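Comments concern the structure below.
There are 2 protein chains.
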Amino acid sequence: MTPITARTITLTARPDGWPKPGDFRVEEAALPPPGAGEVALQMLWLSLDPYMRGRMNAGASYAPGVALGQPLPSEAVARVLHSEDAGFAAGDLVVVHDFWRSHALRKAGDLRKLDPAEGPIQRALGVMGMPGLTAFAGLKHIGQPKPGETLVVGAASGAVGAIVGQIAKAQGLRVVGLAGGADKCAYVTGELGFDACIDRRSPDMAAMLAAACPKGIDVYFELVGGAVWQAVLPLLNPFARVPVCGTIATYNDTAPPAGPDLSGALMRTILVKSLTLRGFIVSEFAADAPEFRATMAGWLASGQVRYREDITEGLENMVPAFVDLLAGRNFGKALVKLAD
Amino acid sequence: MTPITARTITLTARPDGWPKPGDFRVEEAALPPPGAGEVALQMLWLSLDPYMRGRMNAGASYAPGVALGQPLPSEAVARVLHSEDAGFAAGDLVVVHDFWRSHALRKAGDLRKLDPAEGPIQRALGVMGMPGLTAFAGLKHIGQPKPGETLVVGAASGAVGAIVGQIAKAQGLRVVGLAGGADKCAYVTGELGFDACIDRRSPDMAAMLAAACPKGIDVYFELVGGAVWQAVLPLLNPFARVPVCGTIATYNDTAPPAGPDLSGALMRTILVKSLTLRGFIVSEFAADAPEFRATMAGWLASGQVRYREDITEGLENMVPAFVDLLAGRNFGKALVKLAD
Chain A
1 MTPITARTIT LTARPDGWPK PGDFRVEEAA LPPPGAGEVA LQMLWLSLDP
51 YMRGRMNAGA SYAPGVALGQ PLPSEAVARV LHSEDAGFAA GDLVVVHDFW
101 RSHALRKAGD LRKLDPAEGP IQRALGVMGM PGLTAFAGLK HIGQPKPGET
151 LVVGAASGAV GAIVGQIAKA QGLRVVGLAG GADKCAYVTG ELGFDACIDR
201 RSPDMAAMLA AACPKGIDVY FELVGGAVWQ AVLPLLNPFA RVPVCGTIAT
251 YNDTAPPAGP DLSGALMRTI LVKSLTLRGF IVSEFAADAP EFRATMAGWL
301 ASGQVRYRED ITEGLENMVP AFVDLLAGRN FGKALVKLAD
Chain B
1001 MTPITARTIT LTARPDGWPK PGDFRVEEAA LPPPGAGEVA LQMLWLSLDP
1051 YMRGRMNAGA SYAPGVALGQ PLPSEAVARV LHSEDAGFAA GDLVVVHDFW
1101 RSHALRKAGD LRKLDPAEGP IQRALGVMGM PGLTAFAGLK HIGQPKPGET
1151 LVVGAASGAV GAIVGQIAKA QGLRVVGLAG GADKCAYVTG ELGFDACIDR
1201 RSPDMAAMLA AACPKGIDVY FELVGGAVWQ AVLPLLNPFA RVPVCGTIAT
1251 YNDTAPPAGP DLSGALMRTI LVKSLTLRGF IVSEFAADAP EFRATMAGWL
1301 ASGQVRYRED ITEGLENMVP AFVDLLAGRN FGKALVKLAD
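Those sequence lines, one after another, are chains A and B. The numbering of the first sequence is my numbering, which starts it at 1 and goes up by one. The numbering of the second sequence is my numbering, which starts it at 1001 and goes up by one.
This is the structure:
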């Protein structure tokens, strides 16, 4: 095996608000040869997902924050360069929970093999991967959609929101999205088949959302928080379900916003409308992955589910691409391509 | 049947903040004789419950607000004065969803007969009635307590909180209450058998609660909102369940409190801790009533569950007693006794 230099992006400072380049550093190190049961990987695709912002903080998010000097997590699609495990051979394509880096040694047991005949391999980071399972399982277990109901999802052109809406549409719901700008809204209704899409930046957003939901809202898949959530709350029907999957609008807040304090009003609304709010992390529903992948493969093959990717080239562009994702400047699943 | 004058307390103005005497009026009218299938009732006991405050507002609470000029709802224990229905006879004791009034004509189908041999009849308004079922069903369906877990409930000496804690204690949980003042706390630990009770008025309330919950909180039965809820939130464990049954601390707010706005932080906590918040109203669990009454009768007979009543005499004292309830000046289930 020829010597390989692995480049890794580490966290050097905890972002104060929006992440900036100085909070990160690229480190280079020679990749040692794999030991028994290990595999040397070249990362081809890394995933950018909003949850990573929480891992940059010191306090507990889903998990403890990443330690300073350590790399951030990412799902990755990789090619096997060299294997010391009987289950893998050079050239195999795999998906792995990894980090913001170009190469790695990993244990064979951490890898799941991909069949490139099944479609573009980077799907394993999006519609066929973690974001897809998040949408599928959060909707199934918490959203519990029923035909004829109305579902609303923000970030409707994004990796999770687009799939949430398309699944709900396939199940006979009225589906209303919110997205940032006219182009994204046109895509959400035209390409993804949502019944309506509201520009979240419109000053009339709340009134437009109300008009688009004449029978109220039965399922609100929460990805964004902030003003969208405040606009949704008065429209929720009794017994509405709110899978709380993300609140990206608040991830870079350095302090709670100015008052008044609406948290008491939120609790009262939960009470009088018999609402269910349920936070979740996709790992809770890992057992659904096989059913999800089989179902989603069918939907993709039939054209029932469509998707869009927002591809950044090069590890060196990963940080700005992540900031773009937090700001909603991506259009589709945010991916970083490291190699062909 | 001798002529009967029914006295009814009607709502004459929507309270702006705390209810005041001028928001109500006592009206008198002769009770007509019952028609076929009807029963003339003399109310012996009326119930006072925090939810009634919401019904005084114009906006939708659980149900539309009570119209001005109309009486407020109350559960009642009544004696049959005269019956034109074969199922009831003069002298029978019944429980009925009624109103703030002394006498009424009701259809026989609205009544449930009480057997005075089973215990004090006013239990049907408290530990054996709506508050008891609220505690029982909210805990069973939403709280889902497991032995070894920690449950916290505010208003721990009140009609619902006292029962929540005693049921959880019987199921093997560590149970921590909050109540207003040393007397109530002594009752909650001494008489009701909670493991600890924190004075919600103590300036160290949050620190004391944390110390009383060394393994965090798995179930928080929400009755109070406000500062108690803010103290509970950081102590909740992953996958904690929060039955949202009331937020009495906020019922008389005329506007949201000053900032900062903590609603975004609340949503983020729901997310990162995979919390379940579920609002409910006892009517949702009406089907549990027979199981509840049978179970609770056994617990009362064995001494497993104990209770305390706070009795006000006379319909004319109902409004001040209700204000006392909202202010936490009651000590036990708030009842109004109209007649022996």
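Each residue gets a CB set at the ideal place from its N, CA and C atoms; glycine is no exception. What you are looking at is a predicted structure, and each value in this text was computed from that prediction instead of being measured.
If the cut is a Cβ gap below 8 Å, which residues of chain A does residue i touch?
i, result
"residue 1225/B", "264, 267, 268"
"residue 1253/B", "264"
"residue 1260/B", "255, 256, 257, 258, 259, 261"
What is the DSSP secondary structure of residue i, reduced to helix, strand or coil?
i, result
"residue 42/A", "strand"
"residue 1303/B", "coil"
"residue 161/A", "helix"
"residue 226/A", "helix"
"residue 1140/B", "helix"
"residue 1204/B", "coil"
"residue 1251/B", "coil"
"residue 329/A", "coil"
"residue 1197/B", "strand"
"residue 1127/B", "coil"
"residue 9/A", "strand"
"residue 1146/B", "coil"
"residue 28/A", "strand"
"residue 173/A", "coil"
"residue 268/A", "helix"
"residue 168/A", "helix"
"residue 1233/B", "helix"
"residue 217/A", "strand"
"residue 1335/B", "strand"
"residue 1034/B", "coil"
"residue 104/A", "strand"
"residue 1186/B", "helix"
"residue 178/A", "strand"
"residue 1210/B", "helix"
How would you list, in chain order, the residues of chain A whose beta-carbon sits under 7 Å from the beta-carbon of residue i?
i, result
"residue 1248/B", "Those do not exist, as residue 1248/B stays about 11 Å from chain A at its closest Cβ, beyond 7 Å."
"residue 1065/B", "In chain order: nothing, as chain A lies at least about 11 Å away."
If the cut is a Cβ gap below 9 Å, which residues of chain A does residue i touch?
i, result
"residue 1278/B", "270, 274, 275, 276, 277, 278"
"residue 1284/B", "239, 274"
Kindly indicate which residue of the options has the alpha-carbon position closest to the one of residue i.
i, options, result
"residue 99/A", "116/A, 66/A, 112/A, 123/A", "66/A"
"residue 1112/B", "1244/B, 1290/B, 1277/B, 1331/B", "1290/B"
"residue 1150/B", "1306/B, 1209/B, 1309/B", "1209/B"
"residue 31/A", "4/A, 19/A, 73/A, 55/A", "4/A"
"residue 1181/B", "1194/B, 1202/B, 1161/B", "1202/B"
"residue 139/A", "277/A, 268/A, 9/A", "277/A"
"residue 1152/B", "1221/B, 1068/B, 1051/B", "1221/B"
"residue 40/A", "26/A, 25/A, 20/A, 89/A", "89/A"
"residue 1215/B", "1174/B, 1046/B, 1327/B", "1174/B"
"residue 1106/B", "1115/B, 1095/B, 1157/B", "1095/B"
"residue 250/A", "1265/B, 1254/B, 1255/B", "1265/B"
"residue 171/A", "183/A, 228/A, 193/A", "193/A"
"residue 1303/B", "1179/B, 1272/B, 1163/B", "1163/B"
"residue 341/A", "217/A, 272/A, 37/A", "Residue 341/A lies beyond the residue range present for chain A, which begins at 1 and ends at 340; the question has no answer from this structure."
"residue 1338/B", "1324/B, 1316/B, 1027/B, 1143/B", "1316/B"
"residue 1240/B", "279/A, 287/A, 233/A, 225/A", "279/A"
"residue 1322/B", "1305/B, 1093/B, 1023/B", "1023/B"
Run through chain B and tell me which residues come within less than 9 Å of residue i, C-beta to C-beta.
i, result
"residue 229/A", "1263, 1264, 1267"
I'd like to know if residue i contacts chain E, where contact means its C-beta is closer than 8 Å to some C-beta of that chain.
i, result
"residue 186/A", "You won't find chain E in this structure, because its protein chains are A and B."
Segments assigned beta strand (DSSP E), at least 3 residues, entirely inside the stretch 42 to 98 of chain A: 73 to 83
Near-chain A residues of the stretch 1211 to 1223 of chain B - C-beta to any C-beta below 8 Å: 1222
Runs of alpha helix (DSSP H) lying entirely within the stretch 1273 to 1326 of chain B, each at least 4 residues, in chain order: Counting only runs of 4 or more, we get 1289 to 1302, 1318 to 1326.
Chain B contacts from the stretch 235 to 247 of chain A (Cβ-Cβ distance under 8 Å): Residues of the stretch 235 to 247 of chain A with a C-beta atom less than 8 Å from some C-beta of chain B are 244, 245, 246, 247, listed in chain order.
Chain B contacts made by the stretch 281 to 306 of chain A, where a contact means CB separation under 9 Å: 281, 284
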